[in-house]
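Right, one structure below, let's go through it.
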Amino acid sequence: QAKDAGRDQVAVFDAGLRQTAGERLELHTDLRAAVDRGGISVVYQPVLRLNAHADGDEVVGLEALARWHRPGFGDVPPTAFIPTAEDLGLIHQLGEQVLRTALRELAGWRRTTGRPLVAAVNMSALQLADARFVDMVARVLAEVGLPPSALELEITESVLMLDVDQSLRRLAELRGLGVSIAVDDFGTGYSSLAYLRDLPVDVLKIDRSFTAQLPGDRAMIGFIVELARAIGATTVVEGVETVEQLDLVRGIGCDQAQGFHLSRPLAAQDVAPYLERRVGAATPRPRTVG
Ligand code: C2E
Ligand code: MG
Ligand code: MG
Ligand code: MG
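Written as structure tokens, this is what we have:
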């Protein structure tokens with residue numbers, strides 16, 4: 462009887478496996494098709510520079526976030542399809558598409574606002590490991606006619622730890638172009654302080670798990686802000702969801718913030734109206750001369 466039960470379990474397990482394999486294959490086919498046809502879109506979350514007072518807060522950048530609307534399945538989150546794109550070797554093509562789209566759209570918003578807005582674009586470890594990556598970034602910047610200072614590339618700590626020497630060299634090359642480097646989800650990895658000292662980095666993005674633990678994690682955020690100053694980097698706090706959190710991080714001295722309280726990620730067509738409202742409000746009225 463035990464044997465029968467065992468056989469049943471095996472049968473169930475096996476059916477489950479077969480189904481999963483089929484689904485995976487379909488997922489792979491669909492993702493490949495989406496990347497090939499340019500079916501990955503980009504949404505943008507505003508990044509604000511914090512001032513002493515909330516009315517002085519100013520939009521300084523937009524983080525590009527990849528989106529995949531998978532026909533028949535709805536919206537697949539990037540945490541689900543980015544790892545798959547990496548597995549399938551599609552991440553280079555996908556990453557280049559996101560970069561090109563973001564920079565092209567940013568160029569338009571910079572023109573209409575007259576502001577030196579920055580696009581923050583996430584990159585995968587595999588992209589950083591690719592010897593052609595730096596040239597690709599330079600080419601896309603030239604193609605859209607933007608200076609390298611318009612681009613900030615975000616990379617996670619864990620990614621940097623994979624091959625420290627190669628990562629450091631590649632980041633130095635990117636920085637040599639004039640592109641800024643941000644460490645994303647900072648505080649969740651295991652990098653040593655000595656390593657951080659050598660890292661060519663301009664921005665530390667404080668992971669939203671710290672923001673979520675405010676006011677408890679006030680000292681932790683304060684420490685990261687001090688650390689950033691010591692290495693000459695600025696800070697961006699992620700995941701600001703409430704006005705209380707915003708006030709606290711402002712008080713701690715964080716340079717910039719991002720989060721649902723400030724703005725959700727916006728579809729491209731909603732960015733211009735948003736900027737018009739925000740930038741319009743922050744722009745002093747032109748003075749009448751004479
Ligand atoms: P990330 O780079 O840390 O991006 C921030 C994520 O937090 C985004 O999720 C954003 O929608 C979400 N978020 C923003 N504000 C808040 C908030 O106040 N509360 C909460 N709970 N969440 C907030 P999203 O768009 O789902 O992206 C998830 C991750 O996927 C990103 O984390 C990034 O690591 C990765 N990713 C997204 N787009 C790309 C891409 O084009 N290339 C690569 N390599 N990775 C990407
Ligand atoms: Mg990011
Ligand atoms: Mg992050
Ligand atoms: Mg994250």
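Okay, so the sequence shown: first residue is 462 according to UniProt numbering, each after it adds one. C-beta: ideal position from N, C-alpha, C; glycine also. Only a predicted model underlies this, so the values are computations on that prediction, with no experimental measurement involved.
- Distance between R636 and V601, taken at the CA atoms: about 16 Å.
- Residue pairing by DSSP places N583 opposite E615 in a beta bridge.
- C-alpha of Q674 to C-alpha of G720: approximately 14 Å in a straight line.
- Pairing G535 with G522, the inter-Cα distance amounts to about 28 Å.
- Closest option to E634, judged by alpha-carbon separation, among L707, D591, D518, R498: D591.
- Per DSSP, the continuous alpha helix (DSSP H) segment holding D596 begins and ends at 594-605.
- Distance check between A581 and each of E566, L723, L486 places E566 closest, using alpha-carbon atoms only.
- The beta carbon of Q730 sits closer than 8 Å to no other beta carbon from its chain once the five residues preceding and following it are set aside.
- Under the three-state reduction of DSSP output, Y651 falls in the coil class, being neither helix nor strand.
- In this structure, DSSP gives V662 a state outside helix and strand, which the three-state scheme calls coil.
- In the structure shown, V640 adopts coil according to DSSP, grouped into three states.
- With contacts defined as CB atoms closer than 8 Å, P726 and Q506 qualify as a contacting pair.
- By the neighbour-count criterion, in which a residue is buried when 16 or more other Cβ atoms sit within 10 angstroms of its Cβ, V732 is buried.
- According to the DSSP assignment, V686 belongs to the alpha helix (DSSP H) that extends over 679-691.
- Selection V704, G650, E547, V605 evaluated against R561 yields V605 as nearest (Cα-Cα).
- Rounded to whole angstroms, the Cβ separation of I667 and E705 is 17 Å, and the two are not in contact under 8 Å.
- Residue pairing for W570: DSSP places it in no beta bridge.
- Here the distance from the Cβ of A527 to the nearest heavy atom of ligand 1 is below 7 Å.
- Around the beta carbon of A546, a 10 Å sphere encloses 16 or more other beta carbons of the protein chains shown; the residue is thus reported as buried.
- For the options A680, T649, P609, D624, the alpha carbon positioned closest to that of I642 is the one of P609.
- If you measure from each CB to the nearest heavy atom of ligand 2, the residues under 5 Å come out as N583, E615, D645.
- For V520, DSSP records a beta bridge to L509.
- The nearest non-hydrogen atom of ligand 3 is less than 7 Å from the C-beta of E699.
- The beta carbon of V503 is closer than 8 Å to those of A525, L526, A527, R528, V559, T562, A563, E566, A729 in its chain, skipping five residues each way along the sequence.
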